[in-house]
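In my numbering, the protein residues as written are 1 to 164.
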């Protein structure tokens, strides 16, 4: 049996159809230093986590990506325009903007290990402006303000409309 890969146009057509049907949402990548949207390397977020679980199986429970998905849609619900941030080799999970503010947000399942903290904090240290920087986590062990960066629990973010 000869295996063939689908044509690029076929994949693009499927993705466009899923976007039009609001099954997926596309998020663009923004170069923070260059202050422009990049043409490549966007991400897609699925509206229904149940579909994700069906497609990938319940055993593939990447909680970090699920939390990121939840935060993305909550930011949209609250009226923010959302982009992915890029600064150097680092990525900011979300840049949330509205008429009044800009917020940089990192999302992580937990922040207990020092290597995870360093990975999540590193992009914030490269940003040369004074907009708010927040880490949203499912962890309760390292909350508060650290070097001007606010670390909050996911449940608090979801329940408190005024936390941002």
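Here a beta-carbon is modelled for each residue, glycine too, at the ideal position from N, C-alpha and C.
query, result
"Inter-residue Cα distance where the pair is residue 89 and residue 34", "13 Å"
"Neighbourhood of residue 74 by C-beta, 8 Å cutoff - its chain only, sequence neighbours within 5 removed", "157 and 158"
"Residue range of the alpha helix (DSSP H) that includes residue 69", "63-77"
"Residue 152 versus residue 3: straight-line alpha-carbon distance, rounded", "48 Å"
"Distance CB(residue 24)-CB(residue 49) smaller than 7 Å", "no"
"Expected contact under 8 Å - CB spacing of residue 87 and residue 131 to nearest Å", "13 Å between Cβ atoms; not a contact."
"Separation of residue 84 from residue 27, as counted between CA atoms", "7 Å"
"Where residue 5 falls: helix, strand or coil (DSSP)", "coil"
"7 Å Cβ cutoff met for residue 149 and residue 133", "yes"
"Per DSSP, the bridge partner or partners of residue 31", "36 and 86"
"DSSP bridge partner residues for residue 144 (one or two, in chain order)", "151"
"Unbroken beta strand (DSSP E) run spanning residue 105, endpoints", "102-108"
"Residue 114 versus residue 164 - alpha carbon distance", "25 Å"
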